[in-house]
Amino acid sequence: MSPLFGVYTLVDPSTYSSIYPTNPHPRIQEIASLITELFELFINMRYLPASSVAFPPHKHLPLDLTHPARYGVSKYVVDLWQMIPYRIENSEAEVNWNFGSDGGEFLQSGEFLDDLRGSGDKDDTWFRTIVDPCYGLYGLDDGLDSDTDDWGWDNEIGPYIRPWYATLSNVGNHGSVMVLNTKTWDMWLVDQLSEASTDPVFQERPGENQLEDHQYTNGFDLRQYPSRPAVDFLQDIIGRFRTLEWIPGGLYGPEPEDWDDRRYNNYRLLYEECGWPDNFNPLLFDKLRAEGGDKYDYNKQPPEAATEAQKAYEPLNQLYHVMAVERSLIVSQITLVDARYKLARGAGQLPDRDRRRLEAMVEMAQEDIEPPAQKWSDDQASHRIELDFRTSDLEALRTRTGRYSGPGWAGVSQEELINLYEDNKVAEEKRIVELRSLIEDKDMQMRLQRQYMEAKLAAAAVPEDAWRALAEEHKEWENDAWEGRWSILGSSTILVDVKRVLDEDMDLESLRKEIVYALEKREDPSWTGQRKWRNAGGVVAMAEVDDMERNQAAEL
Numbered sequence: 411m412s413p414l415f416g417v418y419t420l421v422d423p424s425t426y427s428s429i430y431p432t433n434p435h436p437r438i439q440e441i442a443s444l445i446t447e448l449f450e451l452f453i454n455m456r457y458l459p460a461s462s463v464a465f466p467p468h469k470h471l472p473l474d475l476t477h478p479a480r481y482g483v484s485k486y487v488v489d490l491w492q493m494i495p496y497r498i499e500n501s502e503a504e505v506n507w508n509f510g511s512d513g514g515e516f517l518q519s520g521e522f523l524d525d526l527r528g529s530g531d532k533d534d535t536w537f538r539t540i541v542d543p544c545y546g547l548y549g550l551d552d553g554l555d556s557d558t559d560d561w562g563w564d565n566e567i568g569p570y571i572r573p574w575y576a577t578l579s580n581v582g583n584h585g586s587v588m589v590l591n592t593k594t595w596d597m598w599l600v601d602q603l604s605e606a607s608t609d610p611v612f613q614e615r616p617g618e619n620q621l622e623d624h625q626y627t628n629g630f631d632l633r634q635y636p637s638r639p640a641v642d643f644l645q646d647i648i649g650r651f652r653t654l655e656w657i658p659g660g661l662y663g664p665e666p667e668d669w670d671d672r673r674y675n676n677y678r679l680l681y682e683e684c685g686w687p688d689n690f691n692p693l694l695f696d697k698l699r700a701e702g703g704d705k706y707d708y709n710k711q712p713p714e715a716a717t718e719a720q721k722a723y724e725p726l727n728q729l730y731h732v733m734a735v736e737r738s739l740i741v742s743q744i745t746l747v748d749a750r751y752k753l754a755r756g757a758g759q760l761p762d763r764d765r766r767r768l769e770a771m772v773e774m775a776q777e778d779i780e781p782p783a784q785k786w787s788d789d790q791a792s793h794r795i796e797l798d799f800r801t802s803d804l805e806a807l808r809t810r811t812g813r814y815s816g817p818g819w820a821g822v823s824q825e826e827l828i829n830l831y832e833d834n835k836v837a838e839e840k841r842i843v844e845l846r847s848l849i850e851d852k853d854m855q856m857r858l859q860r861q862y863m864e865a866k867l868a869a870a871a872v873p874e875d876a877w878r879a880l881a882e883e884h885k886e887w888e889n890d891a892w893e894g895r896w897s898i899l900g901s902s903t904i905l906v907d908v909k910r911v912l913d914e915d916m917d918l919e920s921l922r923k924e925i926v927y928a929l930e931k932r933e934d935p936s937w938t939g940q941r942k943w944r945n946a947g948g949v950v951a952m953a954e955v956d957d958m959e960r961n962q963a964a965e966l
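Below is the structure:
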């Protein structure tokens, strides 16, 4: 088999350790330890929520080794990827503030490395990490397996990430990317657009951050840029944050005197006021930062605590949310049968672009209705990881062990920790119970059935005064003046929908039928009359087609 893109030679996935290397190279071990230390520092500095980071070993959600094997990536590189923490994708807790790259600042306008764990749809993630982290190779794509004569390390716009290079950050919105050379053990930090190193050591030496060597014909070749020993680089970066020379989130020094923005100085003073680094009180830090308003964020106000009335009627909102999920799934069913109908009607006549679009709609709708087995498996693994974190973290808080015994909590009294434990205990234990239920679900239908029954049971216990409080809150926008108003069951208000479900003790099958009938009467205005489907006794079905079309549709 020809090398992929003329340079990447396939290896057997068994080349790598399955989950975590048993005997990693000492340099890999040291570099992984320093990257872990940097993540722990970000957590201690309150920039990263602890719940948003997955630390190794990644036993529940290992890396899919078929991806690096396809490109012949060095075992040293894969060992490192298996030994470092990852910021969890789609975690509820984002970074706690951000003045840098849109997706959460890591270093010099770059972002955290994409989460490489799991076996879901990560082809593009792996391609970007292994081949093109700078998004510069417009002529390459992950599906190209031929025409290798046009590609090579020396091609002017050819591949530039060697199999022994480890990409360790995401370029973000035209920021910097961090790459380790496992043959020399040097680290690059290179800006995507400026053709310069953003390593602070080279930036601080006039002219030394520019192109170092012009002999390379490949315009993206990282060897053009200055680099330095990775251990020195990481120790330096950690030191800059620890000494508050840098503040996480994109604050790399005081703003110019003529700027009104003083956030770097504000944050530095806040850290010092709260005892950083040796006697830090993160609880005081969080409190003062929340009270400081735009001193510490862009006009961001802390979320208001729920009132007692809001807590009382929350089960009604939760039931409506579950009903909305069911409606969304039925809309996906309509999308599916509509796309299949149009593919059948236009078989052999549709332009390729339209056919591909409809086929993509079929695939996406099917995944919405019933997630692929691997995605379900990855999601279940994510629940196990969160469960492990929450159970161990709650116990560590109770006993002042783990991270609560470290420097990030040195300034917190025992009384404050006890109060924090009591404040968090109920919510954390509730989430732990939820996670255990999620893990016990065998498939999506079992989960939907369970969540619906639990939501109904909780909503049925809501007292009358809470119903009235929610009705009062909705009165502003659920009124007769809104002629375009719709609801899940067509009753015109959220509360009437929820009350009907409870009064009729509607089971899930009946709810689904009622939603289908409501959609038959009134689809969303943007779709009215555009989608072909029919109501077959409360079940979404494909519109009638002739025998030939029916046979073609059955094959799709």
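For the sequence shown, position 235 matches number 645 in my numbering, and the numbering has no gaps at all.
Glycine included, every Cβ here is placed at the ideal spot set by N, Cα and C.
Predicted model only: the values in this text are computed from it and were never measured.
Within its own chain, the residues whose Cβ lies closer than 8 Å to the Cβ of N834, once the five positions on either side in sequence are excluded, are L804 and L807, listed in chain order. Scanning its chain for C-beta atoms nearer than 8 Å, with the 5 sequence neighbours on each side dropped, one finds around N508 the residues G514, E515, G659 and G660, in chain order.
With a cutoff of 9 Å on beta-carbon distance, I795 and L471 are scored as near each other. Taking the Cα of G520 as reference, the smallest distance to any Cα among D601, W561 and Q824 is reached at D601.
Q728 sits close to A865, with the two beta carbons spaced by under 9 Å. Restricting attention to Q859, D631 and V926, the CA atom closest to the CA of L547 is found in D631.
K923 and D913 have their C-alpha atoms some 17 Å from each other.
At a Cβ-Cβ threshold of 9 Å, Y862 and E736 count as neighbours.
When rounded, the separation of the alpha-carbon atoms in V487 and A770 is 34 Å.
In the same chain as P573, and ignoring 5 residues on each side of it, the C-beta atoms closer than 6 Å to its own belong to G482, V483 and S484, in chain order.
Under the three-state reduction of DSSP output, I657 falls in the strand class. Within the DSSP secondary-structure output, R497 pairs in a beta bridge with V463. Per DSSP, reduced to three states, the secondary structure at T745 is helical. The residue among I429, S637, D788 and V587 with its C-alpha nearest the C-alpha of M597 is S637. Around Y418, the same chain offers Y481, G482 and P573 as residues with beta carbons nearer than 7 Å, after the five sequence neighbours per side are excluded. Inter-residue distance for R673 and G649 is about 20 Å (C-alpha atoms, whole angstroms).
With respect to the C-alpha of Y831, the residue from R800, V911, A749 and D707 having the closest C-alpha is R800. When beta bridges are read from the DSSP output, R638 appears opposite M597. In terms of Cα proximity to V949, the closest of I744, T809 and W877 is I744.
Cβ-Cβ separation between A442 and I498: approximately 18 Å, too far for a contact (criterion under 8 Å).
Residues of the same chain with a CB within less than 8 Å of the CB of D789, apart from the 5 flanking positions on each side, are P781 in chain order. Around the beta carbon of Y545, a 10 Å sphere encloses fewer than 16 other beta carbons of the protein chains shown; the residue is thus reported as exposed. A distance below 6 Å between beta-carbons, with the five flanking residues on each side excluded, links L526 to the following residues of its chain, in chain order: L473 and W491. Counting of Cβ neighbours within 10 angstroms places N454 among the buried residues, the total reaching 16 or more.
In the structure shown, V950 adopts extended strand secondary structure according to DSSP, grouped into three states. The beta carbons of L753 and R765 sit closer together than 9 Å.
Rounded to the nearest whole angstrom, the C-alpha separation of A722 and D907 is 18 Å. Note on the region 510-581: whole beta strand (DSSP E) runs with a minimum of 3 residues are 575-577, in chain order. Taking 9 Å as the cut-off, the Cβ atoms of R699 and R456 count as close. DSSP lists A951 as the beta-bridge partner residues of R944. Going by C-alpha positions, L768 is about 20 Å away from D531.
Residues L693 of the same chain have their beta carbon placed closer than 7 Å to that of E826, with the five preceding and five following residues left out of the count. Between G582 and the set L523, H435 and G821, the nearest pair of CA atoms involves L523.
In the DSSP assignment, N834 falls within the alpha helix (DSSP H) that extends over Q824 to E850. N433 carries a coil assignment under DSSP once its states are collapsed to helix, strand and coil.
Listed in chain order, the non-local C-beta contacts of S742 below 7 Å within the same chain comprise A775, D778 and I779, local neighbours out to five positions each way being set aside.
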